[in-house]
Amino acid sequence: MRPIHVSSSRHWDGSLTAPGRRALRVATDSPTRLLCTAQRVECRDCGNRIDWHATITRQAVPLHPAELPTAIVPESHRWHVASGIAHHAGDGTPWCRIAHTTLCPARTTPQVLPPSLESLRQRLALRTRRLLDTGAFTPGEQLAAVPPAEDICRPTRPFVQILCARYIAARPVEDIRCVAQTVRRTRCSHHVLAPGTTPGRWTLASTALHHFRRHPTLPKAGIALYDLGHLPYSEQLRWRTQRCPAHAAAHGAPDLALAEWEPFDPLRHHVLLATRLPVSGQQHR
Ligand SMILES: [Zn+2]
Ligand SMILES: [Zn+2]
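So that you can map any letter, position 109 of the sequence shown is 128 in the numbering used here, and since no number is skipped, the others follow by simple counting.
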């Protein structure tokens, strides 16, 4: 990636300026089907802007939206973006990117940073304060919005098992939307849990399972889990890539958004867990 300060044909964030409208295409050697160079959102902890980029492992990383001089960023914190994919290293140029998690002023255990990065974190903290003062931002809004477990008839952010891994979904199971691009270049409006497909099974996962033992934050009772493990591999892959049946079959279709699965972290996500099955133990469908 070329540094932004030497090229007048690039925007401030390093993306190319195009004289006219030009369709994005997925490169044949791209490890992701995602069309956009970044998914721009706000950090839900501090309200500052972040760019989610796909990585080579398909996990997404939240990057600070601007490039920084490589000289002020410790080597272990350097990232660069090439062909829309974020790589955890510098690229040999005087400019690099940094993960927002390194700078996020809302982190309770901030990392020790050099003074130049510390001043950047302080500027982000000031912006958070301004957003809070004007009511434009409520920290952890998504987590705080979850009602008590006993009131939940449909988990807002369900705990889901796909391909032997556990995730927290960004929205209720029925509302998870296909990320693929349609022929009209809009995001597909169909849902992953499509009519005619086999749904997952709600089950109470035992916290006595081996990988839960070390986490005292988890409820003692079982945890409501939407288990897709009984579905064929291709169906679980369709859920993991967040595509409707038609777009799972259309391999050439690019993605217009990142799949929203967040790897389950007991420390962060225990407040989202429900301890009873939704709708009196019935399946939603
Ligand atoms: Zn943040
Ligand atoms: Zn679709």
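Glycine is no exception: its CB is placed at the ideal position from the N, C-alpha and C atoms.
Return the CA-CA distance between residue i and residue j, expressed in angstroms with no decimal places.
i: Gly109; j: Arg220; result: 44 Å
i: Ser95; j: Leu256; result: 33 Å
i: Val202; j: His209; result: 14 Å
i: Gln130; j: Pro282; result: 22 Å
i: Asp70; j: Glu61; result: 8 Å
i: Val165; j: Pro113; result: At Val165, the pLDDT of 36 sits below 50, so the modelled position is not reliable; the number obtained from the coordinates is stated separately. Their Cα atoms are separated by approximately 44 Å.
i: Thr205; j: Leu139; result: 36 Å
i: Val192; j: Leu244; result: 11 Å
i: His107; j: Arg97; result: 6 Å
i: Ala213; j: Ala105; result: 32 Å
i: Gln180; j: Thr74; result: 22 Å
i: Cys197; j: Asp246; result: 19 Å
i: His119; j: Pro81; result: 6 Å
i: Thr216; j: Pro158; result: 37 Å
i: Leu87; j: His99; result: 10 Å
i: Thr222; j: Cys207; result: 30 Å
i: Arg68; j: Ala79; result: 15 Å
i: Pro297; j: Asp64; result: 28 Å
i: His72; j: Arg176; result: 22 Å
i: Gly271; j: Leu286; result: 38 Å
i: Val290; j: Ile242; result: 11 Å
i: Ala269; j: Arg116; result: 34 Å
i: Ala7; j: Ala85; result: Outside the shown range of the chain, which is 20 to 304, sits residue 7, and nothing can be said about it.
i: Asp274; j: Pro251; result: 23 Å
i: Leu143; j: Phe178; result: 32 Å
Would you check whether ligand 1 has a heavy atom nearer than 8 Å to the C-beta of residue i?
i: Ile117; result: no
i: Leu143; result: yes
i: Ile181; result: no
i: Gly271; result: no
i: Asp64; result: yes
i: Ile69; result: yes
Assign residue i to buried or exposed, taking buried as 16 or more other Cβ atoms, counted over all protein chains shown, within 10 Å of its Cβ.
i: Pro174; result: buried
i: Asp194; result: exposed
i: Asp284; result: exposed
i: Gly18; result: Outside the displayed range of the chain (20 to 304) lies residue 18, so it cannot be described from this structure.
i: Asp152; result: exposed
i: Cys183; result: exposed
i: Val92; result: buried
i: Gln301; result: Its pLDDT being 42, under 50, Gln301 is placed unreliably in this model, and the value from its coordinates should be taken loosely. With fewer than 16 other Cβ atoms within 10 Å, it is exposed.
i: Arg40; result: Only weak support is given to the placement of Arg40: the predicted model assigns it a pLDDT of 46, under 50, and the value that follows is read from those uncertain coordinates. Exposed, since its Cβ has fewer than 16 Cβ neighbours within 10 Å.
i: Gln141; result: exposed
i: Gly111; result: exposed
i: Ala293; result: buried
i: His155; result: In the sequence as displayed, the identity of residue 155 is Ala instead of His. Answer is exposed; the Cβ neighbour count stays below 16.
i: Ala90; result: exposed
i: Ala278; result: buried
Does the distance between the C-beta of residue i and the nearest non-hydrogen atom of ligand 2 fall short of 8 Å?
i: Cys123; result: no
i: Gln203; result: The sequence given here places Arg at residue 203; Gln does not occur at that position. The answer is no for Arg203.
i: Arg262; result: yes
i: Ala199; result: yes
i: Ala276; result: no
i: Ala265; result: yes
i: His83; result: no
i: Gly72; result: Gly is not the amino acid found at residue 72; the sequence shown has His there. Checking every heavy atom of ligand 2 against the Cβ of His72, none is found closer than 8 Å.
i: His209; result: yes
Contact defined as beta carbons within less than 8 Å: I believe residue i pairs with residue j. What is the distance between those atoms, to the nearest angstrom?
i: His266; j: Ala199; result: 4 Å
i: Trp280; j: Arg259; result: 7 Å
i: Leu122; j: Leu145; result: Incorrect: roughly 13 Å between the Cβ atoms, too far for contact.
i: His288; j: Ile187; result: 5 Å
i: Pro133; j: Thr147; result: The Cβ separation is near 21 Å, so there is no contact.
i: Val211; j: Arg262; result: 7 Å
Review point. What residue ranges within the region 174-204 form continuous beta strand (DSSP E) runs of no fewer than 3 residues, ordered along the chain?
Key: 178-181, 184-187
In the region 235-286, which residue ranges form an unbroken beta strand (DSSP E) of at least 3 residues, counting only runs that do not cross its ends?
-> 242-246
Report task. Enumerate, from N- to C-terminal direction, the unbroken beta strand (DSSP E) stretches of 3 or more residues contained entirely within the region 72-146. Result -> Counting whole runs of 3 or more residues, the region 72-146 contains the beta strand (DSSP E) stretches 79-82, 99-101, 104-106.
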